[in-house]
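Colleague: Let me begin by handing over the structure; questions about it come next.
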Ligand SMILES: [Zn+2]
Ligand SMILES: [Zn+2]
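Numbering (our numbering), first residue to last: 9 to 384.
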């Protein structure tokens, strides 16, 4: 079939993107779903910092590529051997396809799926296929097995989680990356205890989800740290008890003043200097969870003795250490019970054609989650 997609042909184009147009909206050809694959009509797709990191070249990927990895849609056709999904099912995408057989999958850590990571690096589906091609016949790569910035996509069944069809699809999209990563970091990676004290550095979609996850998990004190007053205001709305504008005050000093460090800190900026602050803001025995993706060349150092003498812990959290088939339904149930105010993440809805200007808004921090809606 033919469909419309936003294709990234070249990384590191200059800003503003509204002028340089790194994403080209074009008609592309989409192959039928093969064995174990599914054709999905896209409903909502969120713009995430990881997409921006590829556009600006700080997290390079194979080109050309249909971008986007946080999305929801409706199943339209299933390939041979797909038994768990059928047409008209509502789905959310998992940006790691979960093979189910490798050691991480078999030991309950599918976010680290090895064939899934290899397929994502190669820009293919789990089968090795690239279902998109240009009108001139050139193969186009798939972003994280999803390729969300397209009216239709074909993905491995292992990239899809069926959801409650009552959930509005533009809200459902946000569960695929922001909510799974942020809430998962709190409940799966950190496993915070009720009454804990927490600090969240960086308040994009993932950081705000971390704040609401900490609130839902019973944190008593939640510091929210960012440079932008708008984001601090939003953090208060989703459960932060204290906000710190790091352009005006030193967050580490302030946290140490108010209480002698916190039990858990979460770094969602992807900056090694902020990670250092997050580490310094924990109390003795505290745990630092790193969620953001720093540039691969960046190193991170801490006083080695503090790990032993102060029993500090640093833990990485990828995709919220999630088991998507378990976590998506339970996070959706928490939303439906009023425990996760996910709608507060969405700063606007846009059309596919507005995507380049929308990435300018994400880059400058004036937007949290902008969601492309495909409903006609
Ligand atoms: Zn993302
Ligand atoms: Zn696996």
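C-beta: ideal position from N, C-alpha, C; glycine also. Keep in mind it's a predicted model, so treat the numbers as computed, not measured.
Assign residue 140 to one of three DSSP states: helix, strand, or coil.
Modeller: DSSP places residue 140 in strand when its eight states are reduced to three.
Colleague: Have a look at residue 254 and residue 316 and give me their C-alpha separation to the nearest angstrom.
Modeller: So the two alpha carbons sit approximately 29 Å from each other.
Colleague: Answer yes or no: do residue 348 and residue 187 have a C-beta to C-beta separation smaller than 8 Å?
Modeller: Yes; because the gap between Cβ atoms is below 8 Å, this pair is in contact.
Colleague: For the putative contact between residue 206 and residue 272, defined by C-beta atoms under 8 Å, what is the C-beta separation to the nearest angstrom?
Modeller: Yes, residue 206 and residue 272 are in contact; Cβ-Cβ is about 5 Å, under 8 Å.
Colleague: With a CB to CB cut of under 8 Å and the five nearest residues on each side skipped, what residues in its chain are close to residue 66?
Modeller: So the list reads 303, once near-sequence residues are dropped.
Colleague: Which class does residue 192 belong to by DSSP, given the choice of helix, strand or coil?
Modeller: In the structure shown, residue 192 sits in a helix (DSSP, three-state: H, G or I).
Colleague: Less than 7 Å between the CB of residue 151 and some heavy atom of ligand 1, yes or no?
Modeller: No, ligand 1 has no heavy atom inside 7 Å of this Cβ.
Colleague: If you run the structure through DSSP and keep just helix, strand and coil, what is residue 12?
Modeller: If DSSP states are grouped into helix, strand and coil, residue 12 belongs with the strands.
Colleague: What do you get for residue 57, buried or exposed, if any count of 16 or more other CB atoms within 10 angstroms of its CB means buried?
Modeller: Its Cβ being crowded by 16 or more others within 10 Å, residue 57 is buried.
Colleague: From the DSSP secondary-structure annotation, give me the bridge partner or partners of residue 37.
Modeller: Note: residue 37 sits in a beta bridge opposite 10, 141.
Colleague: Cβ of residue 362 within 7 Å of any heavy atom in ligand 1?
Modeller: Flag unset: Cβ of residue 362 not near ligand 1.
Colleague: On the three-state DSSP scale, how would you describe residue 75?
Modeller: Reduced to three states, the DSSP call for residue 75 is coil.
Colleague: Would residue 166 and residue 106 be called neighbours here (beta carbons separated by less than 8 Å)?
Modeller: Yes, Cβ-Cβ distance for residue 166 and residue 106 is below 8 Å.
Colleague: If you draw a straight line from the C-alpha of residue 61 to the C-alpha of residue 278, how long is it?
Modeller: In a straight line, the C-alpha of residue 61 is about 10 Å away from that of residue 278.
Colleague: Does residue 11 come within less than 8 Å of chain B when only Cβ atoms are used?
Modeller: The question asks about chain B, but that chain is absent: this structure has only one protein chain.
Colleague: How long is the line joining the alpha carbons of residue 79 and residue 313, rounded to whole angstroms?
Modeller: Distance between the alpha carbons of residue 79 and residue 313: 43 Å.
Colleague: Closest by CA to residue 20, which one among 378, 367, 375, 381?
Modeller: Among 378, 367, 375, 381, the Cα nearest to that of residue 20 is on 367.
Colleague: Would DSSP call residue 217 helix, strand or coil?
Modeller: Here residue 217 sits in helix by DSSP.
Colleague: Within the continuous beta strand (DSSP E) that includes residue 124, where are the two ends?
Modeller: Run containing residue 124: none in the beta strand (DSSP E); it sits in the alpha helix (DSSP H), 122-130.
Colleague: Which stretch, first to last residue, makes up the beta strand (DSSP E) that contains residue 303?
Modeller: No beta strand (DSSP E) contains residue 303, which DSSP labels as neither H nor E.
Colleague: Residues in the same chain with beta-carbon distance under 8 Å from residue 10, minus the five sequence neighbours each way, listed in chain order, please.
Modeller: So the list reads 35, 36, 37, 38, once near-sequence residues are dropped.
Colleague: Where does the unbroken alpha helix (DSSP H) through residue 6 begin, and where does it stop?
Modeller: Since the displayed the chain opens at 9 and closes at 384, residue 6 lies outside it and no answer follows.
Colleague: Of the residues 99, 102, 121, 98, which one's Cα is nearest the Cα of residue 109?
Modeller: Of the listed residues, the one whose Cα sits closest to residue 109 is 121.
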